[in-house]
Amino acid sequence: MNTIRHLLAVLLLALAMAGNAIAAEKVNINTADAATLERVLVNVGASKAEAIVAHRKSNGPFRSAEQLAEVKGIGLRTVELNRDRIVVNAGPAPARPAAAPTRATAQTR
């Protein structure tokens with residue numbers, strides 16, 4: 014009987030850990046490609062993922078998760094199902110131009 018209890022405890026612990034690992038994956042909807050969106054988001058297939066990327070390219074970065082509902086085929090239910098997976102950060106920062114050489118660096122050359 015103790016063996017069965019031990020096995021059940023181990024199984025429950027393993028399931029709890031697996032659930033945390035699955036729920037831990039998040040996606041930044043402002044930087045992710047379509048393949049990543051499709052893999053991470055629930056009820057988002059290839060065409061919806063591509064629609065998200067196209068919307069982002071034509072309208073700029075998303076300011077909130079709720080804005081995903083503006084994408085054709087994505088409703089508030091899909092947003093709610095994925096709320097724990099969605100990260101909304103600004104897109105990648107623009108590259109800074111290289112600094113012009115100063116007098117000190119120009120004289121050392």
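14 is the number of the first residue of the sequence shown in the working numbering; add one for each residue after it. Glycine included, each C-beta is placed from N, C-alpha and C at the ideal position.
Item, Value
"Are the beta-carbon atoms of Asn56 and Thr16 separated by less than 7 Å?", "no"
"Let me know if Val23 comes out buried or exposed under the rule of 16 or more other beta-carbons within 10 Å of its beta-carbon.", "exposed"
"Apart from the five residues on each side of it in sequence, which residues of its chain come closer than 8 Å, Cβ to Cβ, to Gly88?", "Ala82"
"The alpha helix (DSSP H) spanning Asn72 covers which residue range?", "Ala59 to Asn72"
"Contact check, Val66 vs Val53 under 8 Å by CB: the rounded distance?", "That pair is no contact at about 13 Å."
"Hey, quick one: how far does the alpha helix (DSSP H) through Thr49 stretch, first residue to last?", "Ala47 to Val53"
"Determine the closest residue to Asn95 out of Leu50, Ser71 and Ala59, with distance taken between C-alpha atoms.", "Leu50"
"If you draw a straight line from the alpha carbon of Gly58 to that of Arg98, how long is it in whole angstroms?", "15 Å"
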